[in-house]
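452 is the number of the first residue of the sequence shown in the numbering used here; add one for each residue after it. Beta carbons: idealized from backbone N, C-alpha and C, even for Gly. All of these numbers come straight from a predicted model, not from anything done at the bench. Have a look at the structure below before the remarks.
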Amino acid sequence: MADVFMNTYHRLPVTFVSGEGSWLRDKAGKKYLDFTAGIAVNCLGHAYPALVKAISEQAAKVNHVCNYYQSDVAEAFAEKLVAACAPVGMRKVFLGNSGAEANEGACKIARKYSLKHYGPGRHTIVSLKGSFHGRTITTLSATGQERFHQDFGPFTEGFRFIPPGDLSALDRVLDPASVAGLWLEPIQGEKGIFPLDPPYIAAAAKYCAERDILLMLDEIQCGVGRTGTFLACEAYGVKADIVTLAKGLSGGVPVGAVLAGEKAADVLDVSDHGSTFGGNPLAAAAGLVVLETVQNPPFLSEIARKGERFRAVLGSWEHPKIREIRGKGLMIGADITTEAWPVLEGALAAGLLILSAGTKTLRFLPPYTIKDAEIDQGLELLKGVLDTL
Ligand SMILES: Cc1ncc(COP(=O)(O)O)c(C=O)c1O
452 MADVFMNTYH
462 RLPVTFVSGE
472 GSWLRDKAGK
482 KYLDFTAGIA
492 VNCLGHAYPA
502 LVKAISEQAA
512 KVNHVCNYYQ
522 SDVAEAFAEK
532 LVAACAPVGM
542 RKVFLGNSGA
552 EANEGACKIA
562 RKYSLKHYGP
572 GRHTIVSLKG
582 SFHGRTITTL
592 SATGQERFHQ
602 DFGPFTEGFR
612 FIPPGDLSAL
622 DRVLDPASVA
632 GLWLEPIQGE
642 KGIFPLDPPY
652 IAAAAKYCAE
662 RDILLMLDEI
672 QCGVGRTGTF
682 LACEAYGVKA
692 DIVTLAKGLS
702 GGVPVGAVLA
712 GEKAADVLDV
722 SDHGSTFGGN
732 PLAAAAGLVV
742 LETVQNPPFL
752 SEIARKGERF
762 RAVLGSWEHP
772 KIREIRGKGL
782 MIGADITTEA
792 WPVLEGALAA
802 GLLILSAGTK
812 TLRFLPPYTI
822 KDAEIDQGLE
832 LLKGVLDTL
């Protein structure tokens, strides 16, 4: 590979040139079954016909207009997105281009809300150990994993971390005199697929409501249908104040969204925030297809069913190298007894794409459109790799 990229990724030695459904094809014509969906991005699989059509048609009309002008397609996308997130209390959206950018917006909204209502000093954002919120300086500051905190300080001030699941730590840290927001991933993805317990999320929502601390949910990896409901937090029956989305939201076109509910929807004023590309017609046209496809109850229940099936097959092996299987819908993690990287390499050689999280967890984020037979086929390939390592 040409030596022009910065050294940020450990890239596997394969170049994909085309894809269809759950499959990718490399330069030599070899096919690979994709259990990664580009890290939860290609949620409708590769070359999904309605997505290809919408992107091509929009590109032929107008690809980008800046946010000083109106756009029918961006408006339709935003309306549909807010409606999809209304069950958890969302009312308005700001569109950007990535998860980290959405999360930066979430911090600004939480801090400005607190400043407006309580004055300076009440700016702490509490987040969880093991969390991941992005790679910018502020979203790294909010990320509760030491390994991301090397070399890049000083960080943004005002973040505190508590262990997930510890109700008394939650009660203690949520001091209404100093805390603006509580930030949770309903399922910690980068940590290795760890769902929060329903009583923990319920207590978090209750404390936040009682203390006027904004409940901020990072659904960048677990949202947009991945767990079998449009937002993962719907299944917990809680209302949030801020929700962030990205990854699968436009099925592969860069996008990010920060949504806010009643309390915070009107916190940002003109010039408070902005993004050149945010919500441009191309991303919006793609996002509309994703919303129209995913936000439909039979499609969502199929995601839940396929996920259960995936986990059931994986569990049925009682494989000596698999220690624990976790997850919800098509967001699945499996702790293994050996290093994950050789499994990824073995799987690649066998024609299967999988992810890791940390050093000893395999992570599976297949497209929602995956077929039962493809799940079985991919898992058989994985079993072969685990058996031989
Ligand atoms: C939960 C969560 N938040 C934020 C991000 C950052 O998103 P992006 O890489 O689009 O900036 C990620 C990416 O993996 C994520 O999983």
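Taking VAL624 as the centre and dropping the five residues before and after it, the same chain places the C-beta of VAL577, ARG611, ILE613, VAL630 closer than 8 Å to its C-beta, in chain order. Here HIS724 has PHE545, GLY556, LYS559 as same chain residues with Cβ atoms under 7 Å from its own Cβ, once five neighbours each way along the sequence are excluded. Taken atom to atom, the span from the alpha-carbon of LYS834 to that of ILE826 is near 12 Å. Taking a cut-off of 8 Å for Cβ pairs, the stretch 713–729 and the stretch 535–554 touch, as three or more such pairs fall below it. Under the DSSP assignment, THR589 falls outside any beta strand (DSSP E), being part of the alpha helix (DSSP H) whose first and last residues are 588–592. In the structure shown, PRO637 adopts coil according to DSSP, grouped into three states. Counting only runs of at least 4 residues, the stretch 498–549 fully encloses the following alpha helix (DSSP H) elements, listed from N- to C-terminal order: 500–512, 523–536. Annotation for ASP692 indicates a beta carbon at 7 Å or more from all heavy atoms of ligand 1. Taking each of GLY784, PHE750, ALA785 in turn and checking the Cα distance to ILE821, the smallest one comes out for PHE750. Beta-bridge annotation (DSSP): GLY472 is paired with HIS497. Taking C-beta separations shorter than 6 Å and ignoring five residues to either side along the sequence, the partners of GLY809 in its chain run GLY643, following chain order. Rounded to the nearest angstrom, the gap between the Cα atoms of PRO817 and CYS494 is 7 Å. In the DSSP assignment, the residues bridged to SER578 are PHE612. Closest in C-alpha terms to ALA628, from the list ARG573, GLU769, PRO464, comes ARG573. For ILE783 against PHE815, the beta-carbon gap comes to about 4 Å, under 8 Å, which counts as contact. Within the same chain, ILE613, PRO614 come within 7 Å of ALA620 by CB-CB distance, once the 5 residues on both sides are set aside. Exposed is the label assigned to LEU618, since fewer than 16 other Cβ atoms lie within 10 Å of its Cβ.
Using a Cβ distance threshold of 8 Å, PRO646 and LYS811 do not count as a contacting pair.
The beta-carbon separation of GLY640 and PHE681, rounded to 17 Å, does not stay under the 8 Å limit for a contact. For ligand 1, no non-hydrogen atom lies closer than 7 Å to the CB of ARG476. A contact between stretches requires three or more CB pairs, one per stretch, nearer than 8 Å, and the stretch 796–809 meets this requirement with the stretch 480–497. Three or more Cβ pairs closer than 8 Å define a contact, and the stretch 692–707 meets that threshold against the stretch 487–506. Look at HIS600: its beta carbon is at least 7 Å from all of the heavy atoms in ligand 1. Sequence-distant partners of VAL533 (beyond 5 residues in either direction) whose C-beta falls short of 8 Å from its own C-beta, in its chain, are MET541, ARG542, LYS543, VAL544, LEU710.
Counting along the chain, the unbroken alpha helix (DSSP H) around TYR658 starts and ends at 649–662. Among the bridge pairs identified by DSSP, GLY632 is matched with ILE576, LEU665. Below 8 Å, enough C-beta pairs join the stretch 496–511 and the stretch 731–742 to call them touching: three or more. Between VAL794 and LEU832 a beta carbon distance of about 11 Å is seen, past the 8 Å cut, so the two are scored as non-contacting.
Segment contact: the stretch 456–476 against the stretch 670–685, fewer than three CB-CB distances shorter than 8 Å; contact not assigned. Residue environment for ALA511: exposed (fewer than 16 other C-beta atoms within 10 angstroms of its C-beta).
Taking non-hydrogen atoms of ligand 1 into account, the C-beta of ASP669 is found less than 7 Å away from one of them. With a 10 Å radius around the Cβ and a threshold of 16 neighbouring Cβ atoms, SER565 comes out buried.
Between ALA716 and ALA708, the C-beta gap is not smaller than 8 Å, which leaves the two residues out of contact. Rounded to the nearest whole angstrom, the CA to CA distance from VAL706 to GLU775 is 33 Å. Residue pairing for ARG814: DSSP places it in a beta bridge opposite GLY784, LEU806.
Counting the other CB atoms within 10 Å of its CB gives MET667 a total of 16 or more, which places it among the buried residues.
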